[in-house]
Structure formats: C-alpha cells, structure tokens
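A.B. asks: I have a structure I would like to understand better, so I am pasting it below and will then ask my questions one at a time.
Written out as structure tokens, the structure is:
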C-alpha cells in the first residue's frame, strides 16, 4: 500500500508498517475502551451513595424527633425489653411512683414555653439523644444539631440551640507498645454570635456534609407560636483546627462542653479539667 | 531504443524481487506478529470492558433495588411493632424482589461489627432472644426483628461464599412494649427507642 513502484522489492517491510499502523489504531481503541470501563458507572454510584447519605441524615433526624427520653433528660432508653435499661425502668421505684419518660420534642416544647429558651437540662437531653441515635456510627461521624428561628434578620443569631459533637484529639499515648492517639467524642452547647456561624466556621472545613432539615412549631401559649427549623448536619469525622477547641474565646461559635454534665455521655474528665461535682 | 530502455530495468527489477523474496510465510511473518498481538489485545480489552460494564450495571441495579426495598421496609423510619415489620418484609418479597435479602433491627447500643454473623445465626437457627437483634412478642412467642427472603432454589447466604453482598445501615425508631408496675397495678406501656436497621442483599 505504502510502497511505490520503485519499492516493489520491499513487500515484507510494507506489510510490517501496515500492521504497525493497525496496532496503533487498535491501541487507541483499547485505550478508549479501558477508559470507558474504568469510568463507567462512577457518576451513578456517587449519586446512589449521596442518596444513601441524604437518607441517613433524614432518618437520623426523624428518629431524634420520635424517640423517648427520661423526663429529667438524663438518658435515652436503648436495647431489648430484657436489657438492663428497660428492666430498671420498669422496676425501679422512685418518689413519684415510677420513672417518667417522654418524647424529646415534648421536653423541648415544654422548656421553651417557660421563657422562650432551652435550659441546660434540655440541651443535655438533646445531646444524649444524638449520642444514642448515632452511636452505632460513633467512630466515623461528627455532627451538628440545631433549632433556629425561621427568620431572615441579618446579623443577629437565630439559634435557639446548637449542639456540636466532634472527636477531640488530646494526645498520643503508648498503648501495647504502639503510639496511639487518644481521641474522645465531645459534645458542645454553642451560642453563636451570628446566624451564619456554622456556615462560616465549620462547613468550609469538614468536606461533604449530609443535611436534613425539618420544621417544628414552638410557642409560649395558645396562639403565640412561631415556626422553628430543626437541622442535622452529619459529616465524616476529621481533624479540623477550628473544631479542636470551639470553646476558644475567639471562636464565633461560643461553645461550652456538655460531657461533664451527663454520666451517659463519654467521660472526658480524665483528659481535661472538669467542674467540681461533675460525674 | 525505447524497447531497450523499458526492458532492461524491468528485468533488473524482477531479479531484485527474486532476491528479496523469502517465501509466503517468511515475507509475512514479521507483519503477522503485530497483527496477532493487536487482535489479542483488542479482544482482551473488549471482553474486560464488557465484563466490567455488566458487573457495574449489576451492582448499580442491586444498589437501586436495595435502596427502594429498604425505604419500603423502614417506611417513615418508625417501626410500630414486629407485626408491621414482618408485613412490610412480606410486601417487598411478594413483589418478586430480584435478589435475596436479610433484614434485622438492632438496638442503638449494639456492636455492629458482628452484623453478618448475627443475621446468619438467625437464618440458620431461627429466633433467639439472646441475639443482639431486637426481639418482641409475636403471636405469643418471642421473635426477632428479622426477616429473610430467598428465591426458590437460592442457596443460603454464607459469609464464606464468594458471592458479593451489600450491607447497609439505616437509623430507625422502634416502639417496644414494657411492663411496669404503677400504683401496684401492672400496666403495659409503649416507648420508642432508637435502633439501626441492617440490610444484606446478595445474589
């Protein structure tokens, strides 16, 4: 094909060049096929994973609003009816005759109706609920839960409550001859100074966030109610500078640590100073 | 003159050709090698691509079916009782679900590292109140929040089998009955506890 009349004697070489052209074309096609094989379905898989993540966040938020907690906010009941927590619930006598439980939302509404704020006890109940619901995934996720006014007022904070839960790295310790990081889950109750505190201080640094939002009504009496938004943001746990110490005075988040106030939250008193009388 | 000019080179060319001619195989062998290699390469990559395409399609389809089945079983993320749970399981399997599946509900305090073992134990040995999967009374006997669906003729799920399986977790709230003594009287009350629905789908 390539050879002209003057090169009729080079038949073998011409065929060789033809075959090299052929292999070049085949190599190009194969590269295309390989690229297709490697990339096919990645977008769909990402989409399915994001569906799952969104479902996960929404399910968690729903469960938080459904479940019962002890009236004093001290604990959430978990496990089989035969397990110790439920057995003690059914058998332990208390001055009132029995231990009382209620829906978390009922506690929130009741507390809000008193002075349009949420007290520490209710915030601990929320933290306990979050901890119980997401406990099976405790090692891998951090989260923020908030209740905020449905308001568009610029500047001022619209948060009624903001509970932030992250893994805090304390130090390395040699355990069984290996340098092991000491990390605990810490719950913070935050009072941000502006209504974009999460968007400015947390979201840009933690990567992909799965969010679920819902709407509730809170009020102080009949006809005196306002719509509030409850939100749960879940992200894969990672070491982020600003989240290492949200209690820092310079932080816009304005957080305080909740762990020492509840015996059911992870104990951190062996790692940092705790207030006197804490469990 | 003209004849001489035309004839001489022609004879010379023939002579040269004869000198370069090795034979039908000898001449074409060097070009056959790349041809064969390229054909082998093409068909190998083509087969690989087709296999990948099919397996990825299968995997995606399995995920889609699993997501829709899980959504149907957990409903609004609130499981009111074991009867409702079993009915939803039957609804999904009654639709000729294209894969085999097992579903179990754990309490939120459970260790999920043993999920497959726990589900296998219930599949092989039947209800077990000591299994970490939640249990409740159904028709007078304690049953676990567990259901399994297998095609006719499908082999039981085995952890050691080479079959790939999908495992996913979904937070749910489960309503459980407890018996309490209030003012000397025994009453049955219902409380809603956090749980995790684990679903395994296999071929």
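Residue numbers (our numbering), protein chains in the order written: chain A, 128 to 406; chain B, 61 to 263. Cβ coordinates follow ideal geometry from the N, Cα and C atoms, glycine included. Here the structure is a predicted model, which is why all the values come from computation and not from measurement.
Are the Cβ atoms of residue 192 of chain B and residue 178 of chain B separated by less than 8 Å?
C.D. replies: Contact flag set, yes.
A.B. asks: Starting from residue 314 of chain A and walking both ways along the beta strand (DSSP E), at which residues does that stretch end?
C.D. replies: Unbroken beta strand (DSSP E) run through residue 314 of chain A: 305–317.
A.B. asks: Hey, out of B:210, B:166 and B:194, whose CA is closest to residue 261 of chain A's CA?
C.D. replies: Here the closest residue by C-alpha is B:166.
A.B. asks: What do you get for residue 169 of chain A, buried or exposed, if any count of 16 or more other CB atoms within 10 angstroms of its CB means buried?
C.D. replies: By the 10 Å Cβ count, residue 169 of chain A comes out exposed.
A.B. asks: Can you have a look at residue 211 of chain B and say buried or exposed, based on whether 16 or more other CB atoms are within 10 angstroms of its CB?
C.D. replies: By the 10 Å Cβ count, residue 211 of chain B comes out exposed.
A.B. asks: Any beta carbon of chain A sitting closer than 8 Å to that of residue 116 of chain B?
C.D. replies: Yes - at least one Cβ of chain A is within 8 Å of the one on residue 116 of chain B.
A.B. asks: Whole angstroms are fine: how far does the CA of residue 151 of chain A sit from the CA of residue 162 of chain B?
C.D. replies: Approximately 50 Å between the Cα atoms of the pair.
A.B. asks: Report, in whole angstroms, the separation of the C-beta atoms of residue 319 of chain A and residue 380 of chain A, which I expect to be a contact under 8 Å.
C.D. replies: About 5 Å; that satisfies the 8 Å criterion.
A.B. asks: Along the chain, where does the alpha helix (DSSP H) that runs through residue 385 of chain A open and close?
C.D. replies: No alpha helix (DSSP H) contains residue 385 of chain A, which DSSP labels as neither H nor E.
A.B. asks: What is the DSSP secondary structure of residue 180 of chain A, counted as helix, strand or coil?
C.D. replies: Helix, per DSSP.
A.B. asks: Indicate the three-state DSSP secondary structure (helix, strand or coil) for residue 243 of chain A in the structure shown.
C.D. replies: Residue 243 of chain A falls in the coil class under three-state DSSP.
A.B. asks: Who are the neighbours of residue 98 of chain B on chain A, taking C-beta pairs under 7 Å?
C.D. replies: Near residue 98 of chain B (Cβ distances below 7 Å), the residues of chain A are 149, 150 and 153.
A.B. asks: Looking at the secondary structure, which residues open and close the beta strand (DSSP E) in which residue 229 of chain A lies?
C.D. replies: Run containing residue 229 of chain A: 228–230, per the beta strand (DSSP E) assignment.
A.B. asks: Give me the Cβ distance between residue 293 of chain A and residue 370 of chain A, rounded to the nearest whole Å; I'm assuming they're in contact under 8 Å.
C.D. replies: About 5 Å separates the two Cβ atoms, so the contact holds.
A.B. asks: Does DSSP put residue 162 of chain A in a helix, a strand or coil?
C.D. replies: Three-state result, residue 162 of chain A: helix.
A.B. asks: Would you list the residues sitting across from residue 217 of chain B in a DSSP beta bridge?
C.D. replies: DSSP lists no partner for residue 217 of chain B.
A.B. asks: Leaving out the 5 sequence neighbours to the left and right, which residues in its chain are closer than 7 Å to residue 312 of chain A when beta-carbon positions are compared?
C.D. replies: Only 265, 292, 294 and 393 meet the Cβ criterion.
A.B. asks: Kindly say whether residue 384 of chain A, judged by its beta-carbon, lies nearer than 8 Å to any beta-carbon of chain B.
C.D. replies: Closer than 8 Å: no.
A.B. asks: Am I right that residue 168 of chain B and residue 205 of chain A are in contact with their C-beta atoms under 8 Å? What's the rounded C-beta distance?
C.D. replies: With 8 Å as the limit, residue 168 of chain B and residue 205 of chain A qualify as a contact, their Cβ atoms being about 5 Å apart.
A.B. asks: Kindly give me the distance between the Cβ atoms of residue 229 of chain A and residue 195 of chain A, rounded to whole angstroms, as I take these residues to be in contact under 8 Å.
C.D. replies: Right, the Cβ-Cβ distance comes to about 6 Å (below 8 Å), so this counts as a contact.
A.B. asks: Measuring CB to CB, does residue 358 of chain A end up less than 8 Å from residue 339 of chain A?
C.D. replies: In this structure, residue 339 of chain A lies closer than 8 Å to residue 358 of chain A by Cβ.
A.B. asks: Quick one: grab the DSSP three-state call for residue 263 of chain B.
C.D. replies: Reduced to three states, the DSSP call for residue 263 of chain B is coil.
A.B. asks: Does residue 255 of chain A come out as helix, strand or coil in the three-state DSSP assignment?
C.D. replies: Note: residue 255 of chain A maps to helix in three-state DSSP.
A.B. asks: Should the stretch 240–258 of chain B be regarded as contacting the stretch 147–155 of chain B, the criterion being three or more beta carbon pairs within less than 8 Å?
C.D. replies: No, because fewer than three Cβ pairs between the stretch 240–258 of chain B and the stretch 147–155 of chain B fall closer than 8 Å, the two stretches do not touch.
A.B. asks: Would you call residue 236 of chain B buried or exposed, if buried means 16 or more other Cβ atoms sit within 10 Å of its Cβ?
C.D. replies: With 16 or more other Cβ atoms within 10 Å, it is buried.
A.B. asks: Would you decide whether residue 382 of chain A is buried or exposed? Buried here means 16 or more other CB atoms lie within 10 Å of its CB.
C.D. replies: With 16 or more Cβ atoms within 10 Å of its Cβ, residue 382 of chain A is classed as buried.
A.B. asks: What is the residue span of the beta strand (DSSP E) that residue 269 of chain A lies within?
C.D. replies: 268–276 is the span of the beta strand (DSSP E), which, as asked, contains residue 269 of chain A.
A.B. asks: Here's the rule: buried if 16 or more other CB atoms are within 10 angstroms of the residue's CB, otherwise exposed. What is residue 296 of chain A?
C.D. replies: Result: exposed.
A.B. asks: Could you say if the stretch 251–261 of chain B and the stretch 125–132 of chain B meet the contact criterion of at least three C-beta pairs nearer than 8 Å?
C.D. replies: Yes, the stretch 251–261 of chain B is in contact with the stretch 125–132 of chain B.
A.B. asks: Would residue 228 of chain B pass as an interface residue toward chain A - the criterion being a Cβ-Cβ separation below 8 Å?
C.D. replies: At least one chain A Cβ lies under 8 Å of residue 228 of chain B.
A.B. asks: Looking only at its own chain, which residues have a Cβ that is under 6 Å from the Cβ of residue 139 of chain B, when we skip the five neighbours before and after it?
C.D. replies: For residue 139 of chain B, where only same-chain residues beyond five positions count, the Cβ hits under 6 Å are 145, 232 and 234.
A.B. asks: Should residue 340 of chain A be flagged as near chain B, meaning a C-beta pair shorter than 8 Å?
C.D. replies: No, because no Cβ of chain B sits closer than 8 Å to the Cβ of residue 340 of chain A.
A.B. asks: Determine, for residue 157 of chain A, whether the minimum Cβ-Cβ distance to residues of chain B falls below 8 Å.
C.D. replies: Judged by the 8 Å Cβ criterion, residue 157 of chain A is in contact with chain B.
A.B. asks: Would you say residue 166 of chain A lies against chain B (beta-carbon separation less than 8 Å)?
C.D. replies: No, its Cβ sits nowhere closer than 8 Å to a Cβ of chain B.
A.B. asks: Within its chain, find whatever has a CB closer than 6 Å to the CB of residue 176 of chain A; leave out the 5 residues flanking it on each side and keep chain order.
C.D. replies: There are no such residues.
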